[in-house]
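Novice: The structure follows.
Protein chains: 2
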Amino acid sequence: MNRYQTVALAVGERIEQGLYRVGDRLPSIRQLCREFRVSVSTVQEAYRRLEERGVVEARPRSGYFVAARIAASALPSVSRPAQRPLDVSQWDQVLELVGESPSHDRLLRLGRGIPDLEAATLKPLLRRLSTLHRRAAAQDLNYDGLAGSLELRRQIARLATTSGCLLHPDDLLITTGCQEALSLSLRTLAGPGDVVAVDSPSFYGTMQILKAQGLKALEIPTDPQTGISLEALELALEQWPVKAIQVTPTCNNPLGYTMPEARKRALVALAQRFDVAIVEDDIYGDLAFATPRPRTIKSFDDDDRVLLCSAFSKTLVPGLRVGWIAPGRYRDQVLHMKYVSTGASATLPQLAVAEFVAHGHYERHLRQVVRQYQRQRDIMLGWVMRDFPPGTRVSDPQGGFLLWLELPDAIDCVRLNARLSEESLHIAPGSLFSASGKYRNCLRLNYAAPLTGKIEAAVKRIGETVASQLGEHAELLG
Amino acid sequence: MNRYQTVALAVGERIEQGLYRVGDRLPSIRQLCREFRVSVSTVQEAYRRLEERGVVEARPRSGYFVAARIAASALPSVSRPAQRPLDVSQWDQVLELVGESPSHDRLLRLGRGIPDLEAATLKPLLRRLSTLHRRAAAQDLNYDGLAGSLELRRQIARLATTSGCLLHPDDLLITTGCQEALSLSLRTLAGPGDVVAVDSPSFYGTMQILKAQGLKALEIPTDPQTGISLEALELALEQWPVKAIQVTPTCNNPLGYTMPEARKRALVALAQRFDVAIVEDDIYGDLAFATPRPRTIKSFDDDDRVLLCSAFSKTLVPGLRVGWIAPGRYRDQVLHMKYVSTGASATLPQLAVAEFVAHGHYERHLRQVVRQYQRQRDIMLGWVMRDFPPGTRVSDPQGGFLLWLELPDAIDCVRLNARLSEESLHIAPGSLFSASGKYRNCLRLNYAAPLTGKIEAAVKRIGETVASQLGEHAELLG
Ligand SMILES: Cc1ncc(COP(=O)(O)O)c(C=O)c1O
Ligand SMILES: Cc1ncc(COP(=O)(O)O)c(C=O)c1O
């Protein structure tokens, strides 16, 4: 790291930790020179970088201040979904997003949920995969036990303590990605016609499970900083025969918030009062910017009603398809569902991940990418605020690598995509994240991969295209 | 191969090809000496081996004759299941069979559906897996396209021509084993309370899908040589609102029969007349002893109503979890089900299999193991006829590596297992293969792995245990 990067990082971290708040004056250039024993030009460069990222702002003749990065007013609005059970649609759009392999893709898809696969700290995982496959005999490619590798379940149980969970390896089942974990959960808890309450917007993969299983989505208003509205949820539970509550409370996809602990605890209490199960999707939880990482809802679950679903798809790589579930009191049914769904999972990928975790590589990798994602969040935020038309609202992710934009009402992001595809660009339109095609004026962007000039130019083009669609709309009206 | 093995194999093959039929006199020792240019003792040894396997029998002073290996009367009876829609049970017993990884198992499980993993012809697959993983970058562990690797789908389409099927790679979707293919099919075709007609006995994995999905199994009488009774099926279709017909018509698990072509064709016609879909499980089809392998039902499917399900789990190894489906007219729905069930499948195992097939290793491996399984079928048959009490009926597998035994009525194979577990032995009890616990007096044995003295001794012990349970039963009655 250069000297100026060291300084910029240190100042950035102090802001992140709340030592300086929005509008606070930051140390002068002279102070930082003394503290870090560096030259004036180094500190100037550091501040310039922070300014570029939108973290600080220079005020002429007064010095540097913490920028009002995302003033509360610029956050996406609290969502107002339909609040009655709805059939899910939008499959065509989801297929357009996830149907093709990214390596065969002619579009630059800025909307997909893919982590940075170039991270050097992934190397030990590749080495382990290589060694295991080199040494493998065909016997190692026999059927595995249904619950999955004990070694891996041990490691996952150990990691879970970080999120406040005391799990025994037997409390865990390995799945084919988080998608299978969610699918098994919802199929265990509810059948055709049943109602599932979800935060909203909500991951399209879960919404499509509801659709495939004939379930109805009851979308609950959700705050972009604190998550699902407990008040609205309580009303909904009184009014509808809800079979399960499905939430992604930590580093939410797509909104990026982490529910405060008190609200997580209150959600468990509410579920207990109405005797409903909770399906908790924690796939981005280990990518929280805070340390230690936030607690899971599962960690407050004193009567085993939470089914905790996760995977290494966002923290490591998606293509090993290694996920897991801690199904609580539903273990037997979920194990049955797992058997009929795919049988036992592949063994060697599980062993590779288990060894990677056991040797401390997972935690090292997390430290590295979490810092990277946090830095890139700020850069991407800066670009969006610079390049998108006024009236654009943007999320303030507390972890993960996804940004949610709420554009002026006149914008339809499916139409936007059609326009963008002419320039080989693609975003994830907001309507995928709703049962009923709400959030048409919203979109999701990914800031995981190193933010090259190409991506900066792409963000700029998207901003310009939005602006031009707004212009056309105004003309139509005028 | 030794000289006597060459001779034994040649004579065995002529019998298999029908050049000599049961009861026919075989060439004299002198004739074979001339033909193969070997000594008398070599031919004697060859005949001794064939006799041991129960293929030929010596008649004093008359020579060698084709043995009435399995006289028709010793075949299992035509099944007589309940013929009304039933809820499936038996999960506990299935879990006992498949719950544990074979490598951690304290029992010698002679009932599991595992191929010979020691076959030398699998080596190129292991090499390819090793090379692919050594060369892999993390990008190769990104999400794959939903339909799966095009390379692999091309190879599967090419192989399908052997079974009379003209498929385009786009007609195929890669799945997580055959289990996922079956699960996607049945979930696409039917919902809770719906009726699915099945051959009977039927693979327990499929039966458990019905259970998990809340479907009812309508078990149709099935002939141990020609498969599902079309007459009974027709009556059932007239009487019940059947949503799908699920069959395993080639190298059936557990009965080993292959439906004659004419009956396969007639089954399609029947499905057309009643406008019902057919789910065809072909997982053992490439292991048929006949060459070319028998045609699939799918190959007669002129209006795209057959969903062909298969995998490399029995022909290569189970632990890669590479399966596929040709879903016909249901492609869009099955693709949706695939997405919500597990998302895209892992890429590298698909590529390894694709390369293995493309280089001709698959066909080479098949030739090798099919001959081995055919030989071992005869040996295992011989052991069973020698070591089991009179009244035991046994299937005559036309492919694959599974033998089905029908024991005298007094035997309950779940109780038998309890007794066998004291000697660290385990068989697959017949009741797993029925919705309602029929076939309690039946069991399944595996003859895939090289038939060592240990396995011979195990078969003997099982036979003795059956005999002793029969004795106890007779005493109780007496
Ligand atoms: C919130 C959330 N849950 C689950 C998944 C599915 O994860 P996996 O790829 O492990 O099946 C994703 C991936 O996009 C996700 O964003
Ligand atoms: C007839 C049949 N179908 C399907 C399967 C499941 O195959 P896979 O292991 O590929 O999921 C089996 C395996 O036991 C089987 O015997």
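Quick mapping for you: the protein sequence lines, in order, are chains A and B. FYI, UniProt numbering numbers position 155 of the first sequence as 155, with every residue one higher than the one before it. FYI, UniProt numbering numbers position 195 of the second sequence as 195, with every residue one higher than the one before it. Every residue gets a Cβ at the ideal spot worked out from N, C-alpha and C, and that includes glycine.
#1: Just to confirm, is the Cβ distance from serine 79 of chain B to serine 200 of chain B under 8 Å?
#2: When burial is assigned at 16 or more other CB atoms within 10 Å of the CB, is glutamate 180 of chain B buried or exposed?
#3: Sort B:Leu210, B:Ala236, B:Gly214 and B:Phe203 by Cα distance to cysteine 251 of chain B and report the nearest one.
#4: Could you tell me the distance, in whole angstroms, from the CA atom of valine 334 of chain A to the CA atom of glycine 328 of chain A?
#5: Please report the Cβ distance between glycine 463 of chain B and phenylalanine 388 of chain B, rounded to the nearest whole angstrom; I am assuming they are in contact, meaning their Cβ atoms lie under 8 Å.
#6: Are leucine 287 of chain B and glycine 399 of chain B close, meaning C-beta to C-beta below 8 Å?
#7: Would the C-beta of glycine 113 of chain A count as close to ligand 1, meaning under 7 Å from any of its heavy atoms?
#8: Just verifying my parser: in three-state terms, what is the DSSP assignment at glutamine 83 of chain B?
#9: Have a look at A:Glu219, A:Ala458 and A:Glu406 and flag the residue whose alpha-carbon is nearest the alpha-carbon of leucine 86 of chain A.
#10: Whole angstroms are fine: how far does the CA of methionine 337 of chain A sit from the CA of alanine 197 of chain B?
#11: Against chain B, which members of the stretch 337-354 of chain A pass a CB distance test of less than 8 Å?
#12: 8 Å is my cut-off, CB to CB: does residue 479 of chain B come that close to chain A?
#13: Helix, strand or coil, according to DSSP, for arginine 393 of chain B in the structure here?
#14: Mapping the DSSP letters down to three states, classify valine 357 of chain A as helix, strand or coil.
#15: Examine the Cβ distances between the stretch 288-307 of chain A and the stretch 252-266 of chain A and report whether three or more of them are shorter than 8 Å.
#16: Is any heavy atom in ligand 1 found nearer than 7 Å to the beta carbon of phenylalanine 203 of chain A?
#17: So is proline 294 of chain A in contact with chain B if we call contact Cβ pairs under 8 Å?
#18: Under the assumption that serine 395 of chain A contacts leucine 407 of chain A (Cβ atoms under 8 Å), give the Cβ distance between them as a whole number of angstroms.
#19: Between isoleucine 325 of chain B and threonine 175 of chain B, which are expected to be in contact by the criterion C-beta below 8 Å, what is the C-beta distance as a whole number of angstroms?
#20: Can you tell me the Cα-Cα spacing of leucine 19 of chain B and tyrosine 143 of chain B, whole angstroms?
#21: Within 8 Å, do at least three Cβ pairs link the stretch 98-110 of chain B to the stretch 302-320 of chain B?
#22: Would you check whether ligand 1 has a heavy atom nearer than 7 Å to the C-beta of alanine 311 of chain A?
#23: Over the uninterrupted alpha helix (DSSP H) stretch that includes cysteine 413 of chain B, give me the two end residues.
#24: Distance check for arginine 128 of chain A and residue 520 of chain A, CA to CA, integer angstroms please.
#25: Candidates A:Ser313, A:Gly113 and A:Asp116: which alpha carbon is nearest glutamine 350 of chain A's?
#26: Run the proximity test for glutamine 213 of chain B: is its beta-carbon closer than 7 Å to any non-hydrogen atom belonging to ligand 2?
#27: Taking the beta carbon of glutamate 355 of chain A as the centre, do at least 16 other beta carbons fall within 10 Å, making it buried, or is it exposed?
#28: Looking at valine 38 of chain B and valine 7 of chain B, is the spacing between their C-beta atoms short of 8 Å?
#29: Can you tell me where the alpha helix (DSSP H) with phenylalanine 36 of chain B in it begins and where it stops?
#30: How many angstroms separate the CA atom of glutamate 16 of chain A from the CA atom of arginine 375 of chain A?
#31: Roughly how many whole angstroms lie between the Cα atoms of glutamate 423 of chain A and isoleucine 455 of chain A?
#32: Skipping 5 residues on each side, what residues in its chain have a beta carbon closer than 8 Å to that of aspartate 170 of chain B?
#33: In its own chain, which residues sit with a C-beta less than 7 Å from the C-beta of leucine 150 of chain B, not counting the 5 before and 5 after it?
#34: With burial defined as no fewer than 16 other Cβ atoms inside 10 Å of the residue's Cβ, what is the status of serine 163 of chain B: buried or exposed?
#35: With 16 as the cutoff for other CB atoms within 10 Å, does leucine 50 of chain A come out buried or exposed?
#36: 8 Å is my cut-off, CB to CB: does histidine 104 of chain A come that close to chain B?
Specialist: This is what the structure gives:
#1: In contact: serine 79 of chain B and serine 200 of chain B (Cβ atoms closer than 8 Å).
#2: Under this definition glutamate 180 of chain B is a buried residue.
#3: Here the closest residue by C-alpha is B:Phe203.
#4: The alpha-carbon atoms of valine 334 of chain A and glycine 328 of chain A are separated by roughly 10 Å.
#5: Contact holds; Cβ gap of about 4 Å.
#6: For leucine 287 of chain B and glycine 399 of chain B, yes; Cβs fall inside 8 Å.
#7: Distances taken from the Cβ of glycine 113 of chain A to the heavy atoms of ligand 1 include one shorter than 7 Å.
#8: Reduced to three states, the DSSP call for glutamine 83 of chain B is coil.
#9: It is A:Glu219 whose Cα lies nearest to the Cα of leucine 86 of chain A.
#10: Roughly 21 Å between the two C-alpha positions.
#11: Under the 8 Å Cβ criterion, the stretch 337-354 of chain A contributes Met337, Tyr339, Val340, Ser341, Thr342, Gly343, Ala344, Ser345, Ala346, Thr347, Leu348 and Pro349.
#12: No statement about residue 479 of chain B is possible, as the shown extent of chain B runs from 1 to 478 and does not include it.
#13: Of the three classes helix, strand and coil, the one that applies to arginine 393 of chain B here is strand, per DSSP.
#14: In the displayed model, valine 357 of chain A falls within a helix according to three-state DSSP.
#15: Cβ pair count under 8 Å is three or more, so yes.
#16: Distance from the C-beta of phenylalanine 203 of chain A to the nearest heavy atom of ligand 1 is below 7 Å.
#17: No, proline 294 of chain A lies away from the interface with chain B (no Cβ there is under 8 Å from its Cβ).
#18: With 8 Å as the limit, serine 395 of chain A and leucine 407 of chain A do not qualify as a contact, their Cβ atoms being about 13 Å apart.
#19: Indeed they touch by this definition, with Cβ atoms about 6 Å apart.
#20: The alpha-carbon atoms of leucine 19 of chain B and tyrosine 143 of chain B are separated by roughly 54 Å.
#21: They do not touch, by the three-pair rule.
#22: Because some heavy atom of ligand 1 lies under 7 Å away, the Cβ of alanine 311 of chain A counts as near it: yes.
#23: Per DSSP, cysteine 413 of chain B belongs to the alpha helix (DSSP H) from 413-421.
#24: Shown here, chain A extends from 1 to 478; a query on residue 520 of chain A therefore has no answer.
#25: From the listed residues A:Ser313, A:Gly113 and A:Asp116, the smallest Cα separation to glutamine 350 of chain A is found for A:Ser313.
#26: Proximity of the beta carbon of glutamine 213 of chain B to ligand 2 is not indicated: no heavy atom of the ligand is located closer than 7 Å.
#27: Result: buried.
#28: It is a contact, given that the beta carbons lie within the stated cut-off.
#29: For phenylalanine 36 of chain B, the enclosing alpha helix (DSSP H) has its first and last residue at 29-36.
#30: One C-alpha to the other measures close to 11 Å.
#31: For glutamate 423 of chain A and isoleucine 455 of chain A, the distance between alpha carbons rounds to 13 Å.
#32: Once the five neighbours on either side are set aside, the close Cβ partners of aspartate 170 of chain B are Ala147 and Arg153.
#33: Counting only Cβ-Cβ distances below 7 Å, and skipping sequence neighbours, we find Pro169.
#34: Burial call: buried.
#35: Around the beta carbon of leucine 50 of chain A, 16 or more other beta carbons lie within 10 angstroms, which makes this residue buried.
#36: By this cut-off, histidine 104 of chain A is an interface position.
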